[in-house]
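Numbering-wise, the numbering used here puts 84 at position 39 of the sequence shown, and it's gapless, one number per residue.
Everything on this sheet refers to the single structure shown next.
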Amino acid sequence: MASYHLSVKTIKRSAGRSVVAAAAYRVGERIECQREGRVHDYTRKQGIEETFIVAPENAPAWAQDRSKLWNEAEASETRRNSVTAREWELALPSEISAEDRSQITREFAEELVSRYCVAVDVAIHAPHREGDQRNHHAHVLTSTRKLEAEGFTVKTRVLDSAKTGGVEIEQMRGVWAELQNRALERVGEVERVDHRSLETQREAAQERGDTLSAEELDRDPELKLGPAANSMERRAKAMAEREGREYVPVTERGAVVHAARQARAAFREMRERVELARETYGTAREEGQGRVSAGLAALRAATSKERGPRSSDDIRERLAQITGRDGPDRDVPERGVQGDEEPKRSAQERLREALDKDQGVERDAGAEDGEKPSIRQRLDDVLNKPREKLEIEDEPQKDREVESEKEIDRDADRDRGLSH
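Structure representation (structure tokens):
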């Protein structure tokens, strides 16, 4: 399923980092850092699918030259502890095409330029050949100063301030979620991503009355594996696939993450079955079926292992298969007319016939008082009997008293100060 990830990091001189080196590594190029007097050559780096630069409309022409761009960014900072760039790490949906991934990444970069008037350098990376093949991602480097016609000017303090920085980043997280969801919708994917915390999502689900979603979100965030554990788990998965056996985690963190993912997958499957049962029941009722027949159809749909699209026509077609009726495109004969074959009778009709037959036999035989009651009479006795009487009718009084005494003894022996 699609997953959400967006993180923002800073490239600081105080940590011994250079934005020229960072840019060269991410795009796989050879760039000389004029401030350090060093050449950073990463032309052998693999897995880079696309790179591009997005700059404001009035930016100078050299903004499209990566070497000139980031050397100018370094030159505009004079302090030893300056923050020379920000890096936005984005997880890209594997469910969409490479063209769509490029499009939404470019749209995000354009939003950064429009919002903060900065230079943006994008590198889209493919999944590592030994890792999860769904791990498409992008590295987006942005300058910390506005890029205008005369070059880099003032700092983007709105992202630096403790009061406004968090708010701005949260809004950009929402922008990235919206871009992904639009792309997923265009290709017909049902899954959506959400940038909000699990707690916020759960509260929103409770407010709209979605109990199933609230229960699914009532969990801890997934534990991060880390580079070492992630590498070990990747090798274990690859080995299990080669040997044709089930994958078993080899680290403690891997076992926790694997169990959590299995639990979420089981919950999602249960939720899908419940939703399919609801849809099937509603469709059956619209088709004119009774509550019992619709309920049985919903039960068969929920326990079916087949999973398919959720369109209205597909639901009706599956319902027709489950209930044994013709599909929506066929001519459905009127009820009770099926050629020379005897029409199928409902359970209610058969019950009514049995009751009428029993009542007729009783009238013909001139039933006397004290004889065995009819089916209708016995059925009426059961249906009209009080609920309390039905529950305790067959329970001997003596057994109930003994059970009550045992319950009192257990309550007396229980320590009221302990939690059981």
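Note that CB positions come from ideal geometry on N, CA and C, so glycine has one too.
Simplified DSSP assignment, three categories, for Gly411: With a pLDDT of only 48 at Gly411, under 50, the local geometry of the prediction cannot be trusted, and no value is derived from it.
Coil, strand or helix - His240 by DSSP: coil
Euclidean distance between Cα positions of Tyr161 and Ser139: 29 Å
Simplified DSSP assignment, three categories, for Glu81: coil
Environment of Lys269 [buried if 16+ CB atoms lie within 10 Å]: exposed
Where Gly299 falls, given that 16 or more other Cβ within 10 Å makes a residue buried: buried
Trp133 - containing alpha helix (DSSP H), residue span: Note, Trp133: premise wrong, no alpha helix (DSSP H); beta strand (DSSP E) at 128 to 137.
Anticipated Cβ contact below 8 Å, Glu144 with Arg111, distance rounded: Actually they are not in contact, since the Cβ atoms of Glu144 and Arg111 sit about 23 Å apart, beyond 8 Å.
CA nearest to the CA of Arg131, picked from Lys200, Val235, Pro172: Lys200
Beta-ladder partner(s) of Ala183, from DSSP: Leu135, Ile169
Chain B within 7 Å of Gly271, Cβ atoms only: Looking at the structure shown, chain B is missing, and only one protein chain is on hand.
Distance CB(Leu114)-CB(Ala154) smaller than 7 Å: no
Whole-number beta carbon distance between Tyr70 and Asp239, since they are thought to touch under 8 Å: Wrong, their Cβ atoms sit about 31 Å apart, outside the cutoff.
Separation of Val235 from Pro378, as counted between CA atoms: Annotation note: pLDDT 39 at Pro378 (below 50); position unreliable, coordinate value reported separately. Taking the straight line joining both Cα atoms gives about 36 Å.
Residue nearest to Glu267 in terms of C-alpha spacing, selected from Val301, Ala120, Arg218: Val301
Straight-line Cα distance separating Ala106 from Glu152: 21 Å
Any 3 or more C-beta pairs closer than 8 Å across the segment 339 to 349 and the segment 312 to 331: yes
Pairwise C-alpha distance: Glu117 and Glu195: 12 Å
Cutoff 7 Å; reference Thr198; Cβ partners in own chain excluding five residues on either side: Arg190, Lys191
Arg264, buried or exposed, once every other Cβ within 10 Å from all chains shown has been counted against 16: exposed
Contact test: Leu51 Cβ vs the ligand SAH heavy atom, cutoff 6 Å: The model on display carries no ligand, and the ligand SAH is accordingly not part of it.
Beta strand (DSSP E) segment containing Val53, residue limits: 51 to 57
Residue closest to Glu314, alpha-carbon to alpha-carbon, out of Val295, Glu297, Ser349: Ser349
Element boundaries [alpha helix (DSSP H), containing Ile141]: Per DSSP, Ile141 belongs to no alpha helix (DSSP H) and is neither H nor E.
Residue nearest to Arg316 in terms of C-alpha spacing, selected from Glu260, Glu156, Leu137, Glu77: Glu260
For Asp205, three-class secondary structure by DSSP: helix
Beta-carbon gap between Val64 and Ile56 smaller than 7 Å: yes
Status (buried if at least 16 other CB within 10 Å, exposed otherwise) for Lys282: buried
Residue environment, Arg146, which counts as buried when at least 16 other CB atoms sit within 10 Å: buried
Residues bridged to Ser188 [DSSP beta-bridge criterion]: Ala130
Reduced DSSP secondary structure (H/G/I, E/B, other) of Gly196: strand
Check whether Asn126 and Ser188 have beta carbons under 7 Å apart: no
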